[in-house]
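Here's the structure, in structure tokens; my notes come after.
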Amino acid sequence: MTGRQGPAPSRRSLIGAGLGITAAGLAAAGSGKALAAGSDEAAGSGGASSKGAGPLSAPARGRAFLAAAMDACPDHGGIRLAQSYTDQAGLFSTAFTYDNALAILALLAAGRHESLTRATVLGDALLYAQTHDPAYDDGRLRQAYNVGPYTFYDGSPQPDGFVRADGTANVGTQFGFTGTAVGDMAWAGIALSALARRTGAGRFLTGAVRIGEWIERTGRTDEPLGGYKFGVDGANQRLPFTSTEHNTDLVCLFGRLARLTGERVWLRRRARAETFVRRMWEPAGGFFYTGTNDGVTVNKSPVPEDTQTWTHLALGSRTGAYTRSLDWAVAELAVVDHAGRTNSTVPAGQSYEGVTFSSASLVANEDAPIAAGQPKPDRNGVWFEGTAHLALALRDRGKRGDVARARRLLASAEQAQELLGAGQTVGGTALPERAGVVSASSPLDTGFGFGYYPYRHTGATAWYLMAAARFNPLRA
């Protein structure tokens, strides 16, 4: 840490209305039934296809995890989202908007009929949340929702599924996941626009446009650094931060809306977001900063992984010299985790390579818990979501050595799916065998006020699937 401005909250940080989160609580329109037997996603816990074709591939097992996360609460209605983490993470039936947007995109990447069916179900659930919010009718989505019943840590019951008894969407109030981040909204819009393009269904484009208009109304800023600000907290108060990651997402979303609607206003909005991203470039180091806390001063520490890889995925051939950010991530954020590492939870005899979350993760205090009641961090914990980001970006760039490095990173994620997170459940039900990628190989301190842990995760699995399929979700 440099002593400069502290980190602005990440998109993944909590943006609720001041509801405290207990230490125990943060350990990190179709049928509600499973797909018909015979599809990869419907395979049982034995890890083999019901057609007798032998063991499922690693991507097929990843899709089986997404299916299980969608079907975690089969008795609570056909309109549903996917549970984000396994039960062992302590977040119960929480379904983050961001994770579900990724699940839609990963399912579209599969190019399979049953995957498209599931992606459509998730898209319709996001539209339901958008049109059945308990307090607002302005196009917003919340940070997360509940998708099934549980009893919270204080003993209070949460009895509903995704759709509450009064017909409203079940916002994740128990954990304070009630705010709305521009990044979450952008990813939901990207997913809906992808569904609109794949299916031709106008409802998905309408939902994506509503998201874009909410962002324009709420996020646009005329501060010196420009761009679009972070979003609002659970009390609907505008947050002061501006994120490189969010504005990178908007380069894609606004570009897609320009193409799908034919309205040039979206091109002007895309240019505003892209200008902010380019202002975050550090030419001497060859990387992008995280953003700004006040709209005036660049926040120079920590430096996260996603602003290095997503910029390449979103800007593509227009990056020019900016593509060096991938080299920075490879050189500066690379980690190898194994049982001999301080605070590692990797079993003996196993080793994982990849990248960590940020420059701060590499210097985390290994003598102190990540948060009260949480384990101590492993500085070399592999963040598998980010590892998949990098693998996909390297495959997209294709310079000498990129493809081979990407293969090693994907192999590490596939080994994690094979060996880490055994015995975990969703909705109290065992997962298909060796299905789903954990978010981190060992407890990992992001440097942004939260951690990642070895729990199977919808978001990490979705990014792995997109990287394996060479599917770039950020290309407008």
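So for the sequence shown, my numbering puts the first residue at 206; every next one is plus one. No residue lacks a Cβ here, since even glycine has one placed at the ideal position from N, Cα and C. Bear in mind that the values here come from a model prediction, so they are computed numbers and not experimental data.
Compare the Cα-Cα distances from residue i to each of the options and report the closest residue.
i              : options                           : result
alanine 399    : Arg639, Leu313, Asp280 and Trp668 : Leu313
arginine 661   : Thr299, Thr291 and Val482         : Thr291
tyrosine 358   : Asn498, Leu649 and Phe297         : Phe297
glutamine 622  : Gly603, Ala667 and Pro580         : Ala667
arginine 461   : Arg403, Gly490 and Gly431         : Arg403
glutamate 537  : Ser361, Gly490, Pro574 and Asn504 : Gly490
glycine 353    : Ser564, Asn375 and Asp338         : Asn375
tyrosine 557   : Asp542, Thr547 and Glu571         : Asp542
glycine 388    : Tyr333, Glu619 and Arg345         : Arg345
valine 631     : Ala330, Arg529, Gly360 and Gly295 : Gly295
glycine 467    : Leu679, Lys505 and Val414         : Val414
tryptophan 486 : Phe459, Thr514, Gly554 and Ile575 : Thr514
threonine 447  : Leu321, Thr423 and Arg285         : Thr423
alanine 593    : Ile309, Ala618 and His318         : Ala618
serine 563     : Gln620, Gly656 and Pro362         : Gly656
leucine 286    : Ala569, Asn548 and Ile309         : Ile309
alanine 674    : Gln620, Ala526, Arg600 and Thr426 : Arg600
isoleucine 420 : Trp471, Phe409 and Leu465         : Trp471
arginine 546   : Ser506, Leu649 and Glu590         : Leu649
I'd like to know whether the C-beta atoms of residue i and residue j end up nearer to each other than 8 Å.
i             : j             : result
alanine 596   : alanine 609   : no
aspartate 438 : glycine 384   : yes
proline 580   : glutamate 571 : no
glycine 417   : leucine 458   : yes
histidine 318 : threonine 373 : no
glycine 407   : leucine 332   : no
Taking the C-alpha atoms as reference points, what is the distance between residue i and residue j?
i                 : j                 : result
tryptophan 392    : valine 587        : 24 Å
phenylalanine 380 : glycine 606       : 44 Å
glycine 641       : leucine 624       : 10 Å
arginine 639      : arginine 473      : 46 Å
valine 456        : tyrosine 433      : 11 Å
asparagine 441    : glycine 559       : 38 Å
alanine 534       : phenylalanine 653 : 18 Å
asparagine 585    : threonine 495     : 21 Å
phenylalanine 367 : glutamate 510     : 32 Å
alanine 162       : alanine 396       : It is not possible to answer for residue 162, since the shown part of the chain is limited to 206 through 681.
alanine 386       : glycine 436       : 5 Å
glycine 664       : alanine 340       : 27 Å
alanine 401       : proline 260       : 34 Å
alanine 370       : cysteine 278      : 16 Å
leucine 670       : glutamine 293     : 23 Å
tyrosine 303      : aspartate 329     : 15 Å
alanine 681       : threonine 356     : 42 Å
glycine 626       : proline 659       : 6 Å
serine 288        : proline 488       : Looking at the sequence provided, one finds glutamine at residue 288 rather than serine. Their Cα atoms are separated by approximately 40 Å.
leucine 518       : arginine 483      : 14 Å
valine 508        : phenylalanine 493 : 7 Å
glycine 405       : serine 320        : 16 Å
asparagine 351    : glycine 633       : 15 Å
glutamine 555     : proline 362       : 40 Å
glutamate 450     : aspartate 499     : 16 Å
alanine 265       : glutamate 428     : 46 Å
alanine 365       : valine 643        : Alanine is not the amino acid found at residue 365; the sequence shown has aspartate there. Straight-line Cα distance between these residues: approximately 27 Å.
arginine 347      : phenylalanine 382 : 7 Å
isoleucine 575    : alanine 349       : 22 Å
Is there a Cβ of chain C sitting closer than 8 Å to that of residue i, yes or no?
i              : result
tryptophan 515 : Protein chain content of the structure displayed is limited to a single chain, and chain C is not contained in it.
I'd like the span of the alpha helix (DSSP H) that includes residue i, first residue to last.
i                 : result
serine 398        : 387-404
tyrosine 333      : 318-336
aspartate 511     : 511-520
alanine 616       : 607-624
histidine 451     : 449-466
alanine 265       : 263-275
tyrosine 669      : 663-673
phenylalanine 589 : 589-602
glycine 632       : Premise fails: glycine 632 is in no alpha helix (DSSP H) and is neither H nor E.
arginine 584      : From DSSP, arginine 584 is part of no alpha helix (DSSP H); its letter is neither H nor E.
leucine 679       : Element bounds for leucine 679: n/a, residue is neither H nor E.
List the whole-angstrom C-beta distance separating residue i from residue j, where the pair is believed to meet the contact cut-off of C-beta under 8 Å.
i             : j             : result
arginine 475  : alanine 463   : 7 Å
valine 551    : serine 646    : 6 Å
leucine 430   : threonine 497 : 5 Å
serine 530    : threonine 651 : That belief does not hold up - the Cβ atoms of serine 530 and threonine 651 are roughly 19 Å apart, past 8 Å.
arginine 268  : alanine 315   : 6 Å
leucine 271   : alanine 311   : 7 Å
alanine 273   : leucine 614   : No, alanine 273 and leucine 614 are not in contact; Cβ-Cβ is about 25 Å, not under 8 Å.
threonine 512 : tyrosine 527  : Their Cβ separation, rounded to whole angstroms, is 11 Å, which puts threonine 512 and tyrosine 527 out of contact at 8 Å.
Along the chain, where does the beta strand (DSSP E) that runs through residue i open and close?
i              : result
glutamate 558  : 556-560
asparagine 305 : Asparagine 305 -> not in any beta strand (DSSP E); alpha helix (DSSP H) instead, spanning 302-315.
valine 541     : 539-543
alanine 478    : Run containing alanine 478: none in the beta strand (DSSP E); it sits in the alpha helix (DSSP H), 470-484.
tyrosine 341   : Unbroken run through tyrosine 341: none, as it is neither H nor E.
alanine 349    : 349-351
Is residue i near the ligand GDP, in the sense that its beta carbon is under 7 Å from a heavy atom of that ligand?
i              : result
isoleucine 575 : Absence of the ligand GDP from the depicted structure is noted, as is the absence of any ligand whatsoever, leaving it without description.
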